[in-house]
Each structure stands twice: as structure tokens, then as C-alpha cells.
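Structure first, then comments.
There are 2 protein chains.
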Amino acid sequence: MEKGNATLMSPSEWEVMRIIWTKQGASSTEVIRLMQLKREWSESTIKTLLGRLVDKKMLQTIKDGRRFFYRPTVTESDAMNKVASELFDHLCNMKKGGVIINLLSDLTLSRADIERMQLLLSEKLKTAPVSINCDCLPTDEDCTMHKKSC
Amino acid sequence: MEKGNATLMSPSEWEVMRIIWTKQGASSTEVIRLMQLKREWSESTIKTLLGRLVDKKMLQTIKDGRRFFYRPTVTESDAMNKVASELFDHLCNMKKGGVIINLLSDLTLSRADIERMQLLLSEKLKTAPVSINCDCLPTDEDCTMHKKSC
DNA sequence: CGTTTTTGTCTACAATTGTCAACGTAAAGG
DNA sequence: CCTTTACGTTGACAATTGTAGACAAAAACG
Chain A
39 MEKGNATLMS
49 PSEWEVMRII
59 WTKQGASSTE
69 VIRLMQLKRE
79 WSESTIKTLL
89 GRLVDKKMLQ
99 TIKDGRRFFY
109 RPTVTESDAM
119 NKVASELFDH
129 LCNMKKGGVI
139 INLLSDLTLS
149 RADIERMQLL
159 LSEKLKTAPV
169 SINCDCLPTD
179 EDCTMHKKSC
Chain B
39 MEKGNATLMS
49 PSEWEVMRII
59 WTKQGASSTE
69 VIRLMQLKRE
79 WSESTIKTLL
89 GRLVDKKMLQ
99 TIKDGRRFFY
109 RPTVTESDAM
119 NKVASELFDH
129 LCNMKKGGVI
139 INLLSDLTLS
149 RADIERMQLL
159 LSEKLKTAPV
169 SINCDCLPTD
179 EDCTMHKKSC
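What follows is the structure, encoded as C-alpha cells:
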């Protein structure tokens, strides 16, 4: 267990990271205290998660007396962009646009973000294709129906 | 194992679903054949995944003689929207916009999708706040720095 | 200095996931 | 009708994840 090859963060680990990202580093005590305001996790559980995050090299420890100060090795934005991109990599190409539209419609965005998106989109529109191909099947065989159904 | 309470799809299971969604249902033989064009999975592995998907009620079986025809119980779009929303639910509110911008910039979108987004965004802009609050910490304590750093 | 508290490490255990092989039975072919 | 093939079901096993108790060493407190 925990034998070396760093994997991705699990959902619980992610929760811990959010706190540390927000505080830009924290001691275990602090993480435990803040975490327990949101989740009913035992101290032990949170300590395990911290340990695993260190194993996975998502956290770096800085010794401060006998305790550690935990500091993220990746920025929150980078991590978020990465998981989001990975998720999208496994979605049908044809439908990614729809998923984003769905996300957008449920989201409250700042003016600045909206304006940035608008700029990006009008740039993209200039070279945008009329339609996108599906990439769910390895070959193009049998894809006729799919194109229709997508 | 597989003791009843249907969970979400695992990544491997998702791959299988993509094929079935695209074909709008398929026999195991067909899934196995198509899957093996993409992944080096044994027949057995794919059969296990099909079984688990049935356990999780993501697939419904229709008996066709001795064999089964597997049919999705959820649409691909619904499933995609759901995982994407779930992912976003665990991201810092303040930064969701940035993540979408990042996704958008790597994506090839159809004209139609872009136009739909543009419409949506200009609607949203009308009531958009200047800034979004962070929701990473349970209380507002200690959040001052965060607001700045987000 | 001895006791209590902190805090990191180890161990544990059930559930989930990735991967398969083996088995039994129905179907298909000869 | 008998053999081969196809296909669903079981069992299996290692790795990951969720969850937490126990322990040890250092610190703080009195």
C-alpha cells in the first residue's frame, strides 16, 4: 500500500487540498480543525489523507519544530485545469460543447470571466468548423448512425 | 463486492458505455470487438465491466435468444452533464470560470455551439456580479487572504 | 521531572476498481 | 446426436480509497 507510484488525488484528498490551497499551506491541526467544520471525519482520517497527499507528492512538508507545515506543490488552478481536461478527454468530442453549455448555464460567473469568454469565443468562431466528428468508436465503421444520433 | 448500492461509473466502465451509447445498444460480442480495437483488454475484462454496468443499472439487458442486447438506461448527454457538474461542484467557486476558459481554449467547437454559448453569455452578462466569492473554507474566517489570492 | 497533550507513523479493514481465468450451459455445425 | 463455440456467471487477486484506532516521540504544563 502506498508503494510509490504517485496517482491522482481521490475526492477526499481533494477536499483536504482545497483547504490547504486556500490557506496557502497549513499545519495538520489547522487542516483538521477546518475540515471538521465541513465533514464528520475523524482526526485520524484527515491525518491519513495528509499522509497520502504527501506520498503522492501533492504536498510538501516543512518541518516546524516537531510539527509539519504542509504546502501544496501544485497550484489549485493547475490542478483544476488538469482534472477538468482529463475528464473532457474521455467525453465524446461531438458533445463537449453541449456539456460546457450545460455547465455555463448553472454557473454564476463574474463579468470579467464572461468577457474573457466572449473574446475567446469570437476568436474561435472565425475558424470554427460547421460540425465536429464523433470519436467514440475506434473506426469509422458503424459511425453513420452515430453521427446522426449525436 | 457488488453488494447492491449502485455507485457511479468507473473510468473503464465509462469507456464501455461510450461504445454502447454510440451504437445505441449492442451485444457483448460487438462491445468486445470494438473495445479491443482501442484497448488491450481481455474478453473477460470487458465481460466483467458489462456485468458491473448492469449491476449499477447503467445498462439494461434485453434477451435475444441466448445472448443479451445491452442498452443504456441513461443518455450519454445526461451522464456527461452529470459527471461534469459533479466535478465542478468540488472546485473553488471563484475559479470555475477560469477552468471553463481553459477548457474552451483547448477545444474545437462547432459554429453552432459557439453561437449558443455567445447567446447564453450575453444573457448572463446582464446580471453578472463583479466578483464571485470563494467557498473553499467552511467559515469566512481566514478567508481574507484567500479572496486576495484567488 | 513526571504527566498530559500533540502530532506524525503504522496497522487495519471493508469497499471499489482493474484485470482475468475458469466454468457451465445453450447454440450452432456437422 | 455429438463436438465445438459462444456467452453469461463466479471467483480471484492486487491496488486504491474511505475511514479510523493504536502507538511513539516530542512538547508543553505543572
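Chains A and B are the protein sequences, given in the same order.
The first sequence begins at 39 in this note's numbering and counts up one residue at a time.
The second sequence begins at 39 in this note's numbering and counts up one residue at a time.
Using N, Cα and C, we set each Cβ at its ideal position, and we do this for glycine too.
Note that the structure is a prediction, hence the values are computed from the model and not measured.
**OP:** Assign D151 (chain B) to buried or exposed, taking buried as 16 or more other Cβ atoms, counted over all protein chains shown, within 10 Å of its Cβ.
**Re:** buried
**OP:** Please look up how many angstroms separate the CB atoms of N119 (chain A) and N171 (chain B), rounded, as I've assumed it's under 8 Å.
**Re:** No, N119 (chain A) and N171 (chain B) are not in contact; Cβ-Cβ is about 21 Å, not under 8 Å.
**OP:** For L228 (chain B), collect the residues of the same chain with a Cβ closer than 6 Å to its Cβ; drop the 5 residues on either side in sequence, then sort them by chain order.
**Re:** Because chain B in this structure spans residues 39 to 188, residue 228 (chain B) falls outside the shown range and cannot be described.
**OP:** If I'm right that R90 (chain A) touches E51 (chain A) with Cβ under 8 Å, what's the distance once you round it to whole angstroms?
**Re:** 6 Å
Original post:
Does the beta-carbon of G103 (chain B) have 16 or more other beta-carbons within 10 angstroms, so that it is buried, or is it exposed?
Top reply: Exposed, by the Cβ-count rule.
Original post:
Does the beta carbon of L145 (chain A) sit closer than 8 Å to a beta carbon anywhere in chain B?
Top reply: Taking Cβ atoms only, chain B reaches closer than 8 Å to L145 (chain A), which makes this a yes.
Subject >> Contact list for P167 (chain A) against chain B, beta-carbon separation under 8 Å >> reply: Going along chain B in sequence order, the residues near P167 (chain A) (Cβ under 8 Å) are T146, S148 and R149.
Original post:
Within this structure, are the beta carbons of M96 (chain A) and I84 (chain A) separated by less than 8 Å?
Top reply: M96 (chain A) places its beta carbon 8 Å or farther from that of I84 (chain A).
Original post:
Comparing the C-beta of M155 (chain A) with each C-beta of chain B, is any distance below 8 Å?
Top reply: yes
Subject >> Alpha-carbon spacing of K76 (chain A) relative to S66 (chain A), whole angstroms >> reply: 16 Å
Subject >> Three-state secondary structure assigned by DSSP to A44 (chain A) >> reply: Confidence at A44 (chain A) is low in this model, with a pLDDT of 46, below 50, so its placement is unreliable and no value can be given for it.
**OP:** Quick one: using the 10 Å Cβ neighbour count with 16 as the cut-off for buried, is I100 (chain B) buried or exposed?
**Re:** exposed
Subject >> Euclidean distance between Cα positions of K133 (chain A) and L142 (chain B) >> reply: 13 Å
Subject >> Per-residue DSSP class, three states only, for L97 (chain B) >> reply: strand
**OP:** Find the residues of chain A that neighbour E78 (chain B), judging by a C-beta separation of less than 7 Å, and give them in chain order.
**Re:** Residues of chain A whose Cβ lies closer than 7 Å to the Cβ of E78 (chain B) do not exist, since the nearest Cβ in that chain is about 12 Å away.
**OP:** Please work out which residues of its chain come closer than 6 Å, Cβ to Cβ, to E81 (chain B), disregarding the five sequence neighbours upstream and downstream, and give them in chain order.
**Re:** I70
**OP:** Tell me, please, whether the CB atom of V121 (chain B) is closer than 8 Å to any CB atom in chain A?
**Re:** With its beta carbon less than 8 Å from one in chain A, V121 (chain B) belongs to the interface.
Subject >> Pick from B:G63, B:L147, B:V121 and B:S160 that is closest to M47 (chain B), judged by C-alpha positions >> reply: Considering only alpha carbons, the answer is B:V121.
Original post:
So what does A64 (chain A) bridge to, in DSSP terms?
Top reply: A:Y108
**OP:** Kindly give me the distance between the Cβ atoms of T111 (chain B) and Q98 (chain B), rounded to whole angstroms, as I take these residues to be in contact under 8 Å.
**Re:** Right, the Cβ-Cβ distance comes to about 5 Å (below 8 Å), so this counts as a contact.
Subject >> Three-state class that DSSP yields for T151 (chain B) in the structure shown >> reply: Per the sequence shown, residue 151 (chain B) should be read as Asp rather than Thr. Helix.
Original post:
Out of curiosity, what's the CA-to-CA distance linking Q156 (chain B) and E161 (chain A)?
Top reply: 12 Å
**OP:** Grab me the residues of W59 (chain A)'s own chain with a C-beta within less than 7 Å of its C-beta, minus the 5 sequence neighbours each way, in chain order.
**Re:** P110 and E114
Subject >> Contact set between the stretch 105-138 of chain A and chain B, restricted to residues whose Cβ is under 9 Å from the partner >> reply: E114, S115, M118, N119, V121, A122, S123, L125, F126, H128, L129, C130, N131, M132, K133, K134, G135, G136, V137 and I138
**OP:** Ignore the nearest five residues each way along the sequence and tell me which others in L129 (chain A)'s own chain have a CB closer than 7 Å to its CB.
**Re:** V137
**OP:** Taking N140 (chain A) as part of the alpha helix (DSSP H), name the residues at either end of that continuous run.
**Re:** K134 to D144
Subject >> Pair within 8 Å by beta-carbon distance, L175 (chain B) and I57 (chain A) >> reply: For L175 (chain B) and I57 (chain A), yes; Cβs fall inside 8 Å.
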